[in-house]
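Residue numbers (the numbering used here), protein chains in the order written: chain D, 1 to 115; chain B, 116 to 1008.
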């Protein structure tokens, strides 16, 4: 990790999908900007990402049928594409969450034993 | 499941690329607007907010690219882009595209056509269960060098009992037979078999049943099976055919089955496909009873090996069996003759004799395709030099070399695939007319059609060819130095010297390849010329043949022509009546095996010379035929010594024979007329020696032959030889009328002119010759085009140099020589290399040659000289242009 690692976290490969799904499940339909803003907010600006990098994840999730995009108007009357989690997405979120917990638990265990 | 869905979505993304891009653009701008709003809300002015929004978003282009990669399949998308580009650039140069597609279609098409035949004839397994277990069994007498001498009934029975070797074995005996019952008696092709024949092959009837072991009988069984062809032709596809009684050679049989249309007997026949199958035990009438071990009247057998037994193991067990039998029956199997049984895969005995021809043709078309590829490569190099600038710009813009090569390769593969597709289309459309060009005696001809393997090869060939001719030019073109090439391209738009040198190498290769092809073609032409010059031993001009099958009923008492007097009176009466036909000047007759060039199975008779003590032990055999007194005069076969037969040579007179020259040369050692020959159980006096006739084909050796007088004894077949002005058309009806007026049960068939029969016997040779000639001409054309292209360019490039030389006083002749030199060098190089390669390649053709050695000096000198002349002409045309250039114009340009 570069030296800026202290203040910023690089998104782990594959975790972005989980984060996006979780965000959409909690907040309901969101546009890409909304998701990005939420991420920054939750991570208290610790997680900093170029907002453009969200798009590949969105495409991937949509192709998998886990989220669905729809054009709509924002409160300010701007147009934006709102992504909503689907039933399949909710199911996948459950599975992925379990997997992530197992994985992080394992890593945590290994790290504490090693030290 | 998840992956399938994703792949589907990606493919959709690939197809709806435009819409997805538009959607993305809209989404990105919406995103930026939202960001801008946010930053403005935080108190920035519009410009600041816009800048800040862009920064927060990151690189828009990179995001789009990532999006595309995620959305779609990148390499496929690039390939599509390459294809689109290739199409566009081909459409922009229609002349190039047309030439390329045309030559490729020719090259690939020729290969597919030949491969389709090779596939059907040599590669595709025979259409039976486990065809690898099917074998032919032959009796050989190795001690006296006699092969395939026929088998006796006890021998077949011995083999049938060897269940440790054979699962089943059946006699196969192709015969003519007279089918009556319709409006006239027709000669058809019959196959006499054992009862196991169909079970052994593992085939069923399409209608009804096949005969089997339960039909077993000592003589012929009542139940017969007919072919689909006969069913349609003779019985109008009657669905109630089963149980129908038919008369075959005057005996009654019952049809129990009709075979499927695609079933063919996997072996040689007399003249065409088998129409009737009949089974016999071969131990009662019409066969000799009891069967004798030494009477080898059965022409052959087919068998299925026990599963799991290899050919070698089976052969070893048979060798043990023959050793045992030779000891048990010392009288029948003379030790000196070394009797043995030989196994051969059915596939090999069926197609073995066309294998060399097809292999040579396949190799030749392969060479043609190679030449097409080389020519295309040369064309592409010329073309890529015109695109030097474009490539340099692409490289300067950041395209990697690999990406450039990929794009160029896409183009060449696309052209090649279009060529292959065009070839397939033409072949599919012209299939019938192409098949009509094939020699009709080619085995398994009916099975020739496209299958998955042919289509697969067509695709593979197209792609490989595309890579073959595209790769080197692509590598060549992409190894550009943008700096240099942009300049070079700007200045003249012409290719570098480096490229023309590369084309020179290609052209030399082309010349070498065409030397090989033309040498092959030349050898075949020379062979064909030799066969045409062969003296057939008879005069075919105006000579016609009509054949009559004499029915052979199972009960000898029913046979009206079994005695010599009855047969002689039939022959004399027929001869007397055909002589009265309009236009007929002369007529003669022969018995069995008397018609030249019809490929009788070689089944000679054994003979010995009573005045030589050891003659019997040598077990010699000679071909045998009976002929009428006028036979040799009508055929114009010369009498060398002694006399012809006369009307007085009958069964009442002295036994006399005439021998051919080959017999005299091989066995008589100078003393022939007046000597005796022992054959067919009696002594015969030689009264005459006649010239050799090419009985087995114009390109086959003449076998020793004995002729006896027709009126001496019966025969199964009568051949009428007619010499007259009229054509074969109409003759069949006339002869049939005459024959039926004598006996309505005698079928007439095989009415043909001798000229036709000679042409047929040369059909296969003519076929391979014509193909090789076409390939050779194609090669010559491609090579001269190639050398012309290179020379024309070289001359145009040196125009300035030439004009300076001329301005300084060089004569046109000097310029011509200078201009010609590189072309001449290339030609010499190519011819030299080609001659070396031809030495190796033409040795493969030895079995196709006749009267010519692979190192035939006429071919090996003639071909290079002809090729050099054509090549020099191709050089001379551009070189002459060099001389004509006006110095002032060239210097100015």
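C-beta atoms are modelled at their ideal positions from N, C-alpha and C, and glycine is treated no differently.
It should be emphasised that the depicted structure is a prediction, and the values quoted were computed from it without experimental measurement.
With a cutoff of 7 Å on beta-carbon distance, residue 433(B) and residue 456(B) are scored as near each other. For residue 993(B), same chain residues with a beta-carbon under 6 Å away, outside a window of 5 residues either side, are 906, 907, 910 in chain order. Per the C-alpha coordinates, the member of 177(B), 987(B), 364(B), 307(B) positioned closest to residue 340(B) is 307(B).
For residue 30(D), no Cβ of chain B is located within less than 7 Å of the residue's own Cβ. Interface flag for residue 133(B) against chain D is unset, since no Cβ pair is found closer than 7 Å.
No Cβ-Cβ contact shorter than 7 Å links residue 399(B) with residue 336(B).
In this model, residue 927(B) and residue 220(B) are separated by some 42 Å (Cα to Cα). Sorting 680(B), 124(B), 473(B) by C-alpha distance to the C-alpha of residue 764(B) places 680(B) at the top.
One alpha carbon belongs to residue 972(B), the other to residue 988(B), and they sit about 24 Å apart.
The beta-carbon separation of residue 895(B) and residue 633(B), rounded to 7 Å, stays under the 8 Å limit for a contact. Secondary structure at residue 942(B): helix, using DSSP grouped into helix, strand and coil. Looking at 55(D), 50(D), 62(D), 60(D), the one whose alpha-carbon comes closest to that of residue 172(B) is 50(D). Using beta-carbon distances, residue 119(B) does not count as an interface residue toward chain D, since no partner is under 7 Å. Contacts with chain B at 7 Å (Cβ-Cβ) do not include residue 82(D).
In this structure, the beta-carbon distance from residue 664(B) to residue 832(B) falls below 7 Å. Beta bridge pairing from DSSP links residue 294(B) with 301(B), 363(B). Burial is judged here by how many other beta carbons sit within 10 angstroms of a residue's own beta carbon; residue 402(B) has at least 16 and is buried. Setting aside the 5 residues that flank it on each side, residue 357(B) is surrounded in the same chain by 323, each with a C-beta closer than 6 Å to its C-beta; the list follows chain order. Taking all protein chains shown into account, residue 533(B) has 16 or more neighbouring C-beta atoms within 10 Å of its C-beta and is therefore buried. Burial check for residue 30(D): the Cβ neighbour count within 10 Å reaches 16 or more, so the residue is buried. Chain order gives no chain B residues near residue 41(D), where near means a beta carbon separation below 7 Å; the closest approach is about 12 Å. With a cut-off of 8 Å on Cβ pairs, the segment 495-510 of chain B is not in contact with the segment 630-648 of chain B, counting fewer than three such pairs. Secondary structure at residue 902(B): helix, using DSSP grouped into helix, strand and coil. In this structure, DSSP gives residue 666(B) a state outside helix and strand, which the three-state scheme calls coil. For residue 619(B), the closest of 568(B), 186(B), 942(B), 847(B) by C-alpha to C-alpha distance is 942(B). One Cα belongs to residue 361(B), the other to residue 326(B), and the distance between them is close to 16 Å. For residue 802(B), the enclosing beta strand (DSSP E) begins and ends at 797-805. In the three-state scheme derived from DSSP, where H, G and I count as helix and E and B as strand, residue 336(B) is classed as strand. Taking each of 543(B), 268(B), 829(B) in turn and checking the Cα distance to residue 676(B), the smallest one comes out for 829(B). A Cβ-Cβ contact shorter than 7 Å links residue 629(B) with residue 898(B). Apart from sequence neighbours up to five positions away, the residues of its chain that approach residue 522(B) with a beta-carbon distance below 6 Å are 197, ordered along the chain. At a cut-off of 7 Å between beta carbons, residue 158(B) makes no contact with chain D. According to the DSSP secondary-structure assignment, residue 793(B) is paired through a beta bridge with 723(B), 798(B). For a Cβ distance threshold of 9 Å, nothing in chain D lies close to residue 543(B): the least Cβ distance comes to about 41 Å. For residue 81(D), no alpha helix (DSSP H) encloses it; the enclosing beta strand (DSSP E) starts and ends at 79-85. Residue-level contact check: residue 124(B) touches chain D, since one or more beta carbons of chain D fall below 7 Å from its beta carbon.
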